[in-house]
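Visitor: Please find one structure pasted underneath; my questions will follow.
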Amino acid sequence: MLIIRKMNYKELISKLINNSLVTENDITLAAEGHGDFALPCFKYARELRKAPQIIASDFASGLTKCDFIDHVEAVGGYLNFYLSRKARIESVLADCENKSSVNAVRAVNAGKTVCIDYSSINIAKPFHIGHLMSTAIGGSLYRIYKYLGWNAVGINHLGDWGTQFGKLLAAYNEWGDKSRPLTLNDMLSLYVRFTEESEKNPQLAERGRTEFLKIERGEAEAVKTYELFKETTLAEVNKVYDRLGIVFDSYNGEAFYNDKMQPIIDELNAKSLTEVSDGALVVKLDDYGMPPCLITRSDGATLYATRDLSAANYRAETYKFDKSLYVVATQQNLHFKQVFKVLELMGREWAKDLTHVQFGMVSYEGKPLSTRHGHVVFLADVIENTVKKALDIINEKNPDLEDKAQTAESVGVGAVMFFALGTQRIKDVDFNYDKVLSFDGETAPYIQYTRARCQSVLAKGGEIGDVDYSLLASDESYAVIKLLDNFNTTVIDSAEKYEPSIIARYLIDLAQAFNKFYIAGRIITDDKPLTNARLALTKAVADTLKTGLSLLLINSPDKM
Ligand code: ARG
0 MLIIRKMNYK
10 ELISKLINNS
20 LVTENDITLA
30 AEGHGDFALP
40 CFKYARELRK
50 APQIIASDFA
60 SGLTKCDFID
70 HVEAVGGYLN
80 FYLSRKARIE
90 SVLADCENKS
100 SVNAVRAVNA
110 GKTVCIDYSS
120 INIAKPFHIG
130 HLMSTAIGGS
140 LYRIYKYLGW
150 NAVGINHLGD
160 WGTQFGKLLA
170 AYNEWGDKSR
180 PLTLNDMLSL
190 YVRFTEESEK
200 NPQLAERGRT
210 EFLKIERGEA
220 EAVKTYELFK
230 ETTLAEVNKV
240 YDRLGIVFDS
250 YNGEAFYNDK
260 MQPIIDELNA
270 KSLTEVSDGA
280 LVVKLDDYGM
290 PPCLITRSDG
300 ATLYATRDLS
310 AANYRAETYK
320 FDKSLYVVAT
330 QQNLHFKQVF
340 KVLELMGREW
350 AKDLTHVQFG
360 MVSYEGKPLS
370 TRHGHVVFLA
380 DVIENTVKKA
390 LDIINEKNPD
400 LEDKAQTAES
410 VGVGAVMFFA
420 LGTQRIKDVD
430 FNYDKVLSFD
440 GETAPYIQYT
450 RARCQSVLAK
460 GGEIGDVDYS
470 LLASDESYAV
480 IKLLDNFNTT
490 VIDSAEKYEP
500 SIIARYLIDL
510 AQAFNKFYIA
520 GRIITDDKPL
530 TNARLALTKA
540 VADTLKTGLS
550 LLLINSPDKM
């Protein structure tokens with residue numbers, strides 16, 4: 000990804016120096032108390048046959064004048080640059096309004112495509128809090144890439160194939176209550192009952208297998224019920240997606256690849272990449288320190304990996320992606336390494352563009368999650384509880400607020416999202432209601448509250464007239480300006496590292512810097528020019544917080 004910074008000061012400074020030896024990468028951030036940027040001159044000493052201190056002085060006298068540089072100092076072999084606060088403030092605030100730097104980034108990225116595989120739920124299985132991470136990280140990356148001008152393709156690679164559907168079908172035919180609409184919970188209990196009873200009753204187990212064969216053969220009755228399982232699951236899961244603002248462009252899951260794997264298997268064979276091992280067809284990966292990748296079982300059945308090989312090819316052909324991401328838990332690390340390696344061995348030039356975006360584990364109120372041992376925490380319940388608790392807090396803090404339910408929804412959902420996106424994704428995280436809903440911790444409510452504070456000041460302040468930028472040179476306001484200056488680079492950085500938490504961290508920093516500025520002196524005073532300047536800064540902060548939050552799938556209520 001080509002990076003265009005709002006104002007690339009390093010590049011600018013390197014040009015002002017007028018010496019071909021100096022490049023952008025030679026410019027560093029200045030040491031504390033020595034201005035904004037610095038050029039260490041030691042490395043030119045040999046070539047120029049001069050002492051570093053003399054070189055620094057020479058560069059200083061040969062410097063091209065520029066509004067952005069207030070003054071320079073040659074000290075101890077360094078040339079230190081002090082930016083003009085006024086010029087920087089003006090450029091940053093203008094850019095917040097006219098969006099010229101982000102538009103430049105978008106122009107560069109136009110035409111690039113990223114596929115993002117996220118959430119990728121399993122049909123007829125609970126949608127629990129463990130699925131939050133993939134859903135939130137993928138959904139956020141989808142927005143981040145779009146913001147930067149990419150064409151993003153959101154894919155929910157449904158787990159909608161496997162022998163378990165035969166079992167569920169047998170159970171549904173046997174015990175299902177057809178007199179009322181099926182629910183996801185019904186399917187869960189039917190499946191549990193089937194597992195228990197088939198242990199004692201081998202005939203039942205056999206019926207599970209025959210029912211699956213019927214689905215595989217496409218027998219109308221079986222397929223109809225199988226489709227009902229899918230529809231029922233998706234209807235319930237979509238309610239959660241809607242609430243979270245999660246969207247997909249494709250729901251092509253495992254079943255979609257049923258008729259698309261044979262060409263891949265044939266190609267693997269033709270390229271002599273496969274071997275038969277205990278009747279199974281595998282690609283050996285010993286040379287790469289990995290166990291073999293299973294392609295078909297001894298009964299001919301294909302596997303999870305076979306479907307992913309096929310899906311990767313399908314995505315490459317259909318979307319012609321520049322990048323293809325898989326937002327899936329760390330546990331599947333080996334699976335993706337194997338799949339990517341096999342694609343590379345097949346000669347897919349784009350295998351290098353595949354990335355497994357992994358993340359750590361979620362626990363709930365200090366307890367690990369385990370679907371198998373019954374400790375299932377449904378994501379829908381967590382969202383509902385958080386929103387309820389948000390409403391309690393609002394009732395306490397601001398009982399007269401209009402639209403309390405709507406605000407509680409934004410705050411509750413925001414708290415859940417920030418929980419998932421606020422920490423480096425590789426780290427394990429524990430969900431705790433008090434923590435995610437704290438109004439003064441490093442949380443969504445804190446950022447939302449800061450933005451609402453900006454909005455209320457702006458509403459009081461009225462129209463913003465002409466701004467004298469030199470009035471924003473105080474340390475508190477300049478600290479805010481510097482952060483605003485970094486917004487787009489922060490978003491680009493988070494996209495390149497697939498790390499929404501970089502934006503989350505930034506928003507906390509910006510909110511804190513704004514609150515310091517807010518406390519340092521009144522925004523609205525009798526001094527009209529000063530008021531104007533401070534309102535302009537407040538507006539830029541409000542807009543940037545809102546944009547940043549939206550990249551984390553978080554709404555910004557105007558009042559809180
Ligand atoms: N359904 C899978 C699971 O829950 C995740 C699928 C991830 N995507 C993929 N292309 N393999 O474990």
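So for the sequence shown, my numbering puts the first residue at 0; every next one is plus one. No residue lacks a Cβ here, since even glycine has one placed at the ideal position from N, Cα and C.
Where does the unbroken beta strand (DSSP E) through leucine 114 begin, and where does it stop?
Guide: Position 115 of the sequence shown holds residue 114. What sits at residue 114 in the sequence shown is cysteine, not leucine. Start and end: 112-116.
Visitor: Answer yes if the segment 72-81 comes into contact with the segment 38-47, meaning at least three C-beta pairs across the two stretches below 8 Å, and no otherwise.
Guide: In short, these stretches touch, since the Cβ pair count reaches three.
Visitor: Straight-line CA distance for glutamate 198 to alanine 269?
Guide: In the sequence shown, counting from the first residue as 1, residue 198 sits at position 199. In the sequence shown, counting from the first residue as 1, residue 269 sits at position 270. So the two alpha carbons sit approximately 42 Å from each other.
Visitor: I need the straight-line Cα distance from aspartate 391 to threonine 385, nearest angstrom please.
Guide: Along the sequence shown, read from residue 1 onward, the residue named residue 391 stands at position 392. Along the sequence shown, read from residue 1 onward, the residue named residue 385 stands at position 386. Each residue's Cα considered, the two are about 10 Å apart.
Visitor: Considering only residues of the segment 93-147, which uninterrupted alpha helix (DSSP H) runs meet the minimum length of 4 residues and lie entirely inside it, listed in chain order?
Guide: DSSP runs (the alpha helix (DSSP H)) wholly in the segment 93-147: 99-108 and 131-146.
Visitor: Would the C-beta of histidine 156 count as close to ligand 1, meaning under 7 Å from any of its heavy atoms?
Guide: As a working note, residue 156 is residue 157 in the sequence shown. Yes, the beta carbon of histidine 156 sits closer than 7 Å to at least one heavy atom of ligand 1.
Visitor: Check whether the Cβ atoms of leucine 544 and isoleucine 446 sit closer than 8 Å, and answer yes or no.
Guide: Reading the sequence shown from its first residue, position 545 is the one you call residue 544. Reading the sequence shown from its first residue, position 447 is the one you call residue 446. Cβ atoms of leucine 544 and isoleucine 446: closer than 8 Å.
Visitor: So what's tyrosine 363 in DSSP terms, helix, strand or just coil?
Guide: The residue given as residue 363 occupies position 364 in the sequence shown. Here tyrosine 363 sits in strand by DSSP.
Visitor: Less than 8 Å between C-beta atoms, sequence neighbours within five positions excluded: which residues of the same chain meet that for leucine 482?
Guide: On the sequence shown, residue 482 is found 483 positions in, with the first residue counted as 1. Cβ neighbours of leucine 482 beyond the five flanking positions: Tyr505, Asp508, Leu509 and Ala512.
Visitor: Find the nearest neighbour of phenylalanine 418 within the set Leu400, Glu401, Lys396 and Thr442, judged by alpha-carbon distance.
Guide: On the sequence shown, residue 418 is found 419 positions in, with the first residue counted as 1. Cα-wise, what sits closest to phenylalanine 418 is Thr442.
Visitor: What would DSSP say about alanine 279, mapped onto helix, strand or coil?
Guide: Numbered from its first residue, the sequence shown carries residue 279 at position 280. Reduced to three states, the DSSP call for alanine 279 is strand.
Visitor: Is tyrosine 325 near ligand 2, in the sense that its beta carbon is under 7 Å from a heavy atom of that ligand?
Guide: With respect to small molecules bound, the structure shown includes ligand 1 and not ligand 2.
Visitor: If lysine 515 and glutamate 475 are in contact, beta carbons under 8 Å, what's the gap, nearest whole angstrom?
Guide: Along the sequence shown, one-based indexing puts residue 515 at 516. Along the sequence shown, one-based indexing puts residue 475 at 476. Correct: roughly 5 Å between the Cβ atoms.
Visitor: Could you check if alanine 109 belongs to the surroundings of ligand 1, using beta carbon to heavy atom distance under 7 Å?
Guide: Residue 109 sits at position 110 when you count from the first residue of the sequence shown. Not so, every heavy atom of ligand 1 lies at least 7 Å from the Cβ.
Visitor: I'd like the ranges of any beta strand (DSSP E) spanning at least 3 consecutive residues and lying wholly in the segment 500-539.
Guide: With a minimum length of 3 residues, no continuous beta strand (DSSP E) run stays inside the segment 500-539.
Visitor: Closer than 7 Å to a non-hydrogen atom of ligand 1 - does that hold for the CB of alanine 151?
Guide: If you number the sequence shown from 1, residue 151 lands on position 152. For ligand 1, not one heavy atom lies less than 7 Å from the Cβ of alanine 151.
Visitor: Would you be able to state if there are at least three C-beta pairs under 8 Å between the segment 334-346 and the segment 405-413?
Guide: No: the two stretches stay apart, fewer than three of their Cβ pairs being nearer than 8 Å.
Visitor: Give the straight-line distance between the Cα atoms of glutamate 173 and leucine 203, rounded to the nearest whole angstrom.
Guide: Within the sequence shown, numbered from 1, the residue matching residue 173 stands at position 174. Within the sequence shown, numbered from 1, the residue matching residue 203 stands at position 204. Between glutamate 173 and leucine 203, the C-alpha separation is close to 10 Å.
Visitor: Following the continuous alpha helix (DSSP H) through alanine 151, name the residue where it begins and the one where it ends.
Guide: Residue numbering aside, residue 151 sits at position 152 when the sequence shown is read from its first letter. Taken as a continuous stretch (DSSP letters only), alanine 151 belongs to no alpha helix (DSSP H), being part of the beta strand (DSSP E) at 150-154.
Visitor: Kindly identify the DSSP beta-bridge partner or partners of leucine 38.
Guide: Against the sequence shown, residue 38 aligns to sequence position 39. DSSP lists Leu78 as partners of leucine 38.
Visitor: What is the DSSP secondary structure of isoleucine 68, reduced to helix, strand or coil?
Guide: Locating residue 68 in the sequence shown gives position 69, where the first residue counts as 1. Note: isoleucine 68 maps to strand in three-state DSSP.
Visitor: Going by CA-CA distance only, name the one from Ser90, Leu233 and Tyr250 that's closest to valine 152.
Guide: Here residue 152 refers to the residue found at position 153 when the sequence shown is read from its first residue. The residue with the shortest Cα to Cα distance from valine 152 is Tyr250.
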